[in-house]
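Participant: Read in order, the letters of the sequence shown are residues 1 to 72 in UniProt numbering. Quick reminder that beta carbons are idealized off the backbone N, C-alpha and C, glycines included. One structure, pasted below without further comment.
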Amino acid sequence: MAASAIERDTAMPNPKRRHSKQRTAKRRSHDFLTPTGLSECPNCHERKLPHRACRKCGTYKGRDVLVTKEAS
């Protein structure tokens with residue numbers, strides 16, 4: 001008897017009706033991943049993230065800011 005009283009007080013609500021395929025698809029239409037916007041390094045023409053130093057040549061806005069294996 002005690003178990004049924006606890007189950008009655010803590011029971012979670014369940015959906016009354018099934019969601020249609022269209023409604024589910026509309027909800028999931030915003031769940032996609034957007035591709036990363038990459039720009040080209042003006043020094044070595046390698047693809048890099050915008051507003052960040054290039055990992056290959058180590059330059060940012062025309063200045064050397066990172067020490068790379070190529071430079072040393």
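Can you look up residue 73 in the DSSP assignment and give me helix, strand or coil?
Facilitator: Past the boundaries of the shown model lies residue 73; the chain is included only from 1 to 72, so the question cannot be answered.
Participant: Which residues share a DSSP beta bridge with T59?
Facilitator: According to DSSP, which records beta bridges pairwise, T59 is partnered with D64.
Participant: Are the region 18-29 and the region 46-65 touching, with three or more C-beta to C-beta distances below 8 Å?
Facilitator: Taking 8 Å as the limit for Cβ pairs, the verdict is that the region 46-65 does not touch the region 18-29.
Participant: Suppose contacts are defined by Cβ-Cβ distances below 8 Å. Is V67 in contact with A53 by that definition?
Facilitator: Cβ distance not < 8 Å, so V67 and A53 don't count as in contact.
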